[in-house]
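Below: the structure, in structure tokens.
Numbering (this note's numbering), first residue to last: 144 to 915.
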């Protein structure tokens, strides 16, 4: 019963565990535990077939590990997140992390390892190489940890030494400062004692000198005062005598001069009256003449400006009509040429990324055009607002200057009236004739002020009329410009809409043709892949059959011990032959793969270059105005060149059998045919960019010409005003130099001219006949 239970437990353990076979080897013939006979052990291993098994294992994959074990053994090369995942679920992440590590170690599939369903098989030396790499990485981590620890320890030591040094310096500085303070305090006490004694002696000496000087000055001033008093008394008595004599003599002369002055004054009043009458007559005639000339000049300038603006507007309208006709003709010719080229072109291979890029370019151009129009509209509104604010500022400045001038004039007149009133009171006490002269002068000033007020009012009316006319002309020009720009914008928008519809139709047709071409190419590619797989399977079957045959030969050779060495040598020769053939095939396959990779890299480089160029071209097109499309002479030449290039490269752009190979569609990259197609479209982009640039240059030149004309007109007006002012000053100076006797009427005329000159207004100068 016990034997049966023991047998059952043994069978249970065998069923639950894996069976391991142990081969016993006799080390020596004397049964010693410390002696090992090599020949005897080798003979036993050879007879048991262990050496043959080891040779076979060396030829195969001697190192075998589970996926999870391999990943856990070399998890140091994984990321922290991957290590955590491997620890949590080793069965799930063992195989993918094992493949990731193999790729990271750059192991080659047949020569160095093989991946099984649950295990990885490694050739001889591969595991040692991986362990060496792991040890190097661990040693690097150890060195890094040691460096960090040593650095931290050195820094701590440095901080301790620095704190100690700072404390020593602080104590030394305190000691030195205390010693200096004690010495300075003793020195200051000594200096203060000596200085106070010196100051006391100096003050005593100064007080003594001052007392002596005061005594001397008192005696001298008394003597000098008495002397001056006697001299002043003598002078006063002499002045009294002289005053009495001069008063008597002056009264006699005054009576004689008074009689003569009254006669001259009567003559002066009569001549003043006649001069004022002549002045009023000549001033009225001269003012009427100036007003007539100014009115005629203003009318001539307005008529000339109106005719010039009308001529410029007609010339601009004519140029715009010619430009529109030329643009319409170019667009029609371009449309015909494009339609003819579309009829002649065959199916073009266009990838998904290129179609998306074109669509995005079109959408970005439309958005950019809308933003550009909105920006121009805002700039025009800001310019109009700036002009209006500048005009209001100029008006307010002119009003302020006029108010200041009027206030100064009013103040001056008030001061003058006050001064005249004082003089009038003095003259009223002396003579009644002076009263009459002042009354007549006041009446004359009043009349002159009325005349000046009338002249100023007329000049203000003329200036207001000129301002209103100028504003009306600017408003009319602005309205005409806005109407013309709106019409051009509507025409351009309709042209853009038609072109967009045509472009959408072209894109739809090209997309349809491309889909058909892609489907056909994919079908051919799948057929080629199927053929390649079949050939590969056949090659693998042949290799397997060869391996089976070699295994059978090896089994037959194991039966005979006498021919073991010959069989092993023959087997090695056969293995070398197979390996050489495999290496040769591998070299051929590697060369083919390298060629295909080079072609793929070339296509990728061309595609990246093309994308960069299209992005640059798209940005330059978006930076220009939308109304500048198809507007230059260069555009027609470029469009003709574009047609010639398309006709010449039409046969080259057609898809071929080589262009539809499997490597041609790798990673969904465009082919060289697409690069040629997009290269031909580059001429159209450059043509449009040149046209936009020329149109923009023309607009800037026109604006510059208008600015120059306005500057020249303003400069001419300033020169005319300066000439008039110089003429007025020369006339006034000549009148002042030639006058021998200035009458009261001429004084008032000069006063009026000077007042107008201060205001900056041109005033006519009227010569007056001088009265001898």
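We put the beta carbon where it would ideally sit given N, CA and C, even for glycine.
Residues that residue i bridges to, as DSSP identifies them
i: residue 262; result: 209
i: residue 256; result: 265
Rounded Cβ spacing between residue i and residue j (contact assumed at less than 8 Å)
i: residue 441; j: residue 605; result: 7 Å
i: residue 424; j: residue 587; result: No, residue 424 and residue 587 are not in contact; Cβ-Cβ is about 14 Å, not under 8 Å.
i: residue 608; j: residue 434; result: At roughly 13 Å, the Cβ-Cβ gap does not stay under 8 Å, so residue 608 and residue 434 are not in contact.
i: residue 968; j: residue 567; result: Nothing about residue 968 can be read from this structure; the chain reaches only from 144 to 915.
i: residue 598; j: residue 396; result: Contact flag wrong, Cβ pair sits at about 48 Å.
i: residue 190; j: residue 213; result: About 36 Å; that fails the 8 Å criterion.
Beta-carbon proximity of residue i to residue j, cut-off 8 Å
i: residue 192; j: residue 211; result: no
i: residue 505; j: residue 646; result: yes
i: residue 206; j: residue 245; result: no
i: residue 187; j: residue 168; result: yes
i: residue 256; j: residue 247; result: no
i: residue 612; j: residue 445; result: yes
i: residue 174; j: residue 209; result: no
i: residue 456; j: residue 631; result: no
i: residue 380; j: residue 576; result: no
i: residue 661; j: residue 501; result: no
i: residue 474; j: residue 673; result: no
Sequence-distant residues of its chain with Cβ nearer than 8 Å to residue i (five each side left out)
i: residue 204; result: 256, 257, 264, 265, 266
i: residue 179; result: 170, 171
i: residue 153; result: none
i: residue 551; result: none
i: residue 340; result: none
i: residue 229; result: 211, 214, 215, 218, 221, 236, 237, 240
Same chain, Cβ closer than 7 Å to residue i, five either side skipped, listed in chain order
i: residue 145; result: none
i: residue 234; result: 211
i: residue 715; result: none
i: residue 472; result: none
i: residue 843; result: none
i: residue 803; result: Reliability fails at residue 803, whose pLDDT of 39 lies under 50, so the model's placement of it is uncertain and the value that follows must be treated cautiously. Answer for residue 803: 664, 667, listed in chain order.
Beta-carbon contacts of residue i that lie in its chain and below 6 Å, excluding the five residues immediately before and after
i: residue 786; result: Here the model assigns residue 786 a pLDDT of 41, short of 50, so the residue's position is not dependable, and the following value carries that caveat. Hits under 6 Å: 480.
i: residue 150; result: none
Exercise. Answer yes if the segment 208-219 comes into contact with the segment 268-286, meaning at least three C-beta pairs across the two stretches below 8 Å, and no otherwise.
Key: yes
Quiz item: Touch check for the segment 615-622 and the segment 447-465: three-plus C-beta pairs under 8 Å?
Solution: yes
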